[in-house]
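If you read the sequences in order, they're chains A and B. Counting in our numbering, the first sequence runs from 14 upward without gaps. Counting in our numbering, the second sequence runs from 4 upward without gaps. Here a beta-carbon is modelled for each residue, glycine too, at the ideal position from N, C-alpha and C. The structure appears below as structure tokens.
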Amino acid sequence: MNVANAAVRVHGLVKNHGRGQGRVRAVDEVDLEVPEGQTLAVMGPSGCGKSTLLHLLGGLERPSAGEVWLAGRRVDTLSERALARLRRRSVGFVFQAFHLMEELSAAENVELPALLAGRSRREAKRRANLLLDRVGLADRGRHLPSQLSGGQRQRVAIARALANEPLVVLADEPTGNLDSAATRDVLRIFEELRSAGQTLVIVTHDERVAATADRLISMRDGMFVDDTRLAGSATGWLGGLIGLEG
Amino acid sequence: MQDAVLAMLAKEPSHGYHLRARLQRSLGPLGESMNPGQIYVTLARLEKAGLVVCERADGLPDRPERKVYALTATGQQRVATWLTEVSWPKPDLAEFHLKLVAAAAAGLADPVELVAAQRRELLRRMRETQRAVLAEPDGSAAVLLLEGVVLRLQADLRWLAACERAWSKVDDEAEDA
């Protein structure tokens with residue numbers, strides 16, 4: 014893999030939690046390259062280190078050892094200030110619990126990252142409208158999060174994650190709080206992002222969500238135990254499920 | 004599928020092509036591989052068994068002599084019986100289970116590897132099914148059927164995870180011994 018077109022690359026990544034006897038190695042010497050435009054799902058039981066991995070990729074936590082590169086730039090050695098700026102501009106986060114600002118409207122939530130990144134009020138507004146439309150919520154911009162369903166809130170959060178045209182979108186159990194219809198809406202949006210070439214890393218324990226990715230990594234005890242390419246392998250299996258005779 | 008075709012005739016007598024269209028609407032992507040002749044093969048069998056009768060109806064000028072199929076009294080009875088039946092497809096897990104047991108006993112293959120390969124195959128099927136779900140328009144009747152396929156695959160994947168845990172433990176104990 015050419016390093017230049019890897020959106021995300023980590024090498025020898027280690028993250029320890031705690032010290033001494035109680036020390037837990039949440040991520041244990043992991044190497045990973047996510048090419049631009051790839052949708053990667055990371056699966057594993059709770060406590061396997063998948064969320065920690067996501068936090069390390071997005072600069073929310075710093076590794077105990079190893080390197081993290083985003084678009085050819087090493088980020089684990091950046092100052093706090095530079096790291097915060099990078100998170101704002103280059104990484105879009107989507108969380109299980111949405112993490113919207115409850116006192117701001119849907120549109121204001123989506124505008125916020127663009128404003129923090131220094132864009133004009135007008136530009137932020139324009140972009141928020143565009144993104145809310147993209148996630149099917151053009152008519153909900155003035156609503157407060159508490160006036161929206163869980164599925165709608167998560168779609169606002171996805172719009173917010175896209176506000177600064179991030180290099181990569183990192184989603185941590187994005188459908189964990191959603192029913193199956195809302196899950197389908199979110200997966201449809203991810204599918205659109207995928208076709209638009211957005212790099213996407215989804216951490217999930219749900220096989221139904223993981224299977225929509227191009228590639229699936231399974232984690233256990235901080236390590237990768239399987240790395241499967243799912244894309245381009247349609248088996249025509251569905252059509253064969255029904256036999257008329259019999 | 005014979006029973007399903009019979010039951011579709013319970014509403015009203017129908018042409019073969021009309022039945023096929025109704026089937027495909029309900030099945031969505033699962034009905035795509037049905038070839039046009041299959042419905043007529045099924046109808047011919049049902050006719051032979053005395054469950055449906057075939058009448059020639061006045062067709063349109065360009066397609067005269069259309070066949071219309073209708074339920075016989077026996078056919079109606081069978082539909083009633085079918086509706087109250089509680090049969091269910093058998094999950095066929097025994098063969099894979101025995102494969103793991105036999106492979107381990109003979110030292111032919113690592114059961115954990117076999118489980119991993121099977122898991123990858125099921126994940127690809129899950130992907131195919133999920134993509135079919137996402138491609139269905141809102142309100143499609145086939146979504147519910149596809150959801151059933153997805154949930155079954157999910158159950159199978161969970162069972163494979165249990166297999167993986169159990170056989171990994173066997174491996175570890177063998178190493179420790």
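Distance between Thr217 (chain A) and Arg139 (chain A) (C-alpha atoms, nearest Å) | To locate residue 139 (chain A), count along the first sequence from 1; it is residue 126. To locate residue 217 (chain A), count along the first sequence from 1; it is residue 204. A straight-line Cα-Cα distance of about 32 Å links Arg139 (chain A) and Thr217 (chain A).
Between the segment 200-229 of chain A and chain B, which residues of the former have CB atoms less than 7 Å from a CB of the latter, in chain order?
-> Result list: Leu200, Arg201, Glu204, Glu220, Arg221, Ala224, Thr225 and Leu229.
In terms of residue numbering, what span does the beta strand (DSSP E) encompassing Val47 (chain A) cover?
-> The sequence position of residue 47 (chain A) within the first sequence is 34, counting from 1. Bounds of the beta strand (DSSP E) holding Val47 (chain A) are Val37 to Pro48.
For the segment 107-123 of chain B, which residues have a beta carbon sitting closer than 9 Å to at least one beta carbon of chain A?
-> So the list reads Ala119, Arg122 and Arg123, given in the order they occur along the chain.
Exposed unless 16 or more other CB atoms sit within 10 angstroms - verdict on Ala174 (chain A) = Locating residue 174 (chain A) in the first sequence gives position 161, counting from the first residue. Per the 10 Å Cβ criterion, buried.
How would you list, in chain order, the residues of chain A whose beta-carbon sits under 7 Å from the beta-carbon of Pro140 (chain B)?
-> Numbered from 1 along the second sequence, position 137 holds the residue referred to as residue 140 (chain B). Listed along chain A, no residue sits closer than 7 Å to Pro140 (chain B) by beta-carbon distance, the nearest being about 11 Å off.
At a CB-CB cut-off below 9 Å, which residues of chain A make contact with Pro32 (chain B)?
-> Taking the first residue of the second sequence as 1, we reach residue 32 (chain B) at position 29. What Pro32 (chain B) touches in chain A: Leu251 and Gly252.
Is the beta carbon of Gln69 (chain B) less than 9 Å from the beta carbon of Ile42 (chain B)?
-> In the second sequence, residue 69 (chain B) corresponds to position 66, counting from 1. In the second sequence, residue 42 (chain B) corresponds to position 39, counting from 1. Correcting the residue type first, residue 69 (chain B) is Arg in the shown sequence and not Gln. The beta carbons of Arg69 (chain B) and Ile42 (chain B) sit no closer together than 9 Å.
Is the CB-CB distance between Ala144 (chain B) and Trp85 (chain B) below 9 Å?
-> Here residue 144 (chain B) refers to the residue found at position 141 when the second sequence is read from its first residue. Here residue 85 (chain B) refers to the residue found at position 82 when the second sequence is read from its first residue. No, these two residues do not count as a Cβ contact at 9 Å.
Cβ distance (whole Å) where Ser231 (chain A) is taken to contact Gly60 (chain A) below 8 Å | Translated into the one-based positions of the first sequence, residue 231 (chain A) becomes position 218. Translated into the one-based positions of the first sequence, residue 60 (chain A) becomes position 47. With a contact defined as Cβ atoms closer than 8 Å, Ser231 (chain A) and Gly60 (chain A) miss out at about 14 Å.
Check each candidate in A:Gln51, A:Val222 and A:Gly105 and name the one with the smallest Cα separation from Leu154 (chain B).
-> The sequence position of residue 154 (chain B) within the second sequence is 151, counting from 1. Of the listed residues, the one whose Cα sits closest to Leu154 (chain B) is A:Val222.
Would you mind sorting Ala97 (chain B) into buried or exposed? The rule is 16 or more other CB atoms within 10 Å of its CB.
-> The residue given as residue 97 (chain B) occupies position 94 in the second sequence. Under this definition Ala97 (chain B) is an exposed residue.
Would you say Ala135 (chain B) faces chain A, with C-beta separation under 9 Å as the test?
-> For the purposes of this step, residue 135 (chain B) is taken as residue 132 along the second sequence, with counting starting at 1. Yes, Ala135 (chain B) counts as interfacial toward chain A.
My guess is that Ala84 (chain A) and Leu180 (chain A) are in contact by the Cβ rule of under 8 Å, so how many angstroms apart are they, rounded?
-> Taking the first residue of the first sequence as 1, we reach residue 84 (chain A) at position 71. Taking the first residue of the first sequence as 1, we reach residue 180 (chain A) at position 167. With a beta-carbon spacing of about 5 Å, Ala84 (chain A) and Leu180 (chain A) fall inside the 8 Å limit used to define contacts.
Whether Gln51 (chain A) touches Thr212 (chain A) by CB criterion (9 Å) | Indexing the first sequence from 1 puts residue 51 (chain A) at position 38. Indexing the first sequence from 1 puts residue 212 (chain A) at position 199. For Gln51 (chain A) and Thr212 (chain A), yes; Cβs fall inside 9 Å.
Is Lys28 (chain A) helix, strand or coil when you go by DSSP?
-> As a working note, residue 28 (chain A) is residue 15 in the first sequence. Lys28 (chain A) falls in the strand class under three-state DSSP.
Going along chain B, which residues have a C-beta under 8 Å from Ile325 (chain A)?
-> Examination of residue 325 (chain A) is not possible in this model, given that chain A is present from 14 through 259 alone.
Taking the runs of the alpha helix (DSSP H) that are 4 residues or longer, which of them lie wholly in the segment 69-151 of chain B?
-> Counting whole runs of 4 or more residues, the segment 69-151 of chain B contains the alpha helix (DSSP H) stretches 76-87, 97-109 and 114-138.
Identify whether Phe111 (chain A) lies in helix, strand or coil by the three-state DSSP scheme.
-> Here residue 111 (chain A) refers to the residue found at position 98 of the first sequence. Residue state for Phe111 (chain A) is assigned as coil, using DSSP reduced to three classes.
Contacts around Ala108 (chain B), its chain only, beta-carbon distance under 7 Å, and the 5 residues preceding and following it disregarded | Within the second sequence, numbered from 1, the residue matching residue 108 (chain B) stands at position 105. Once the five neighbours on either side are set aside, Ala108 (chain B) has no close Cβ partner at all.
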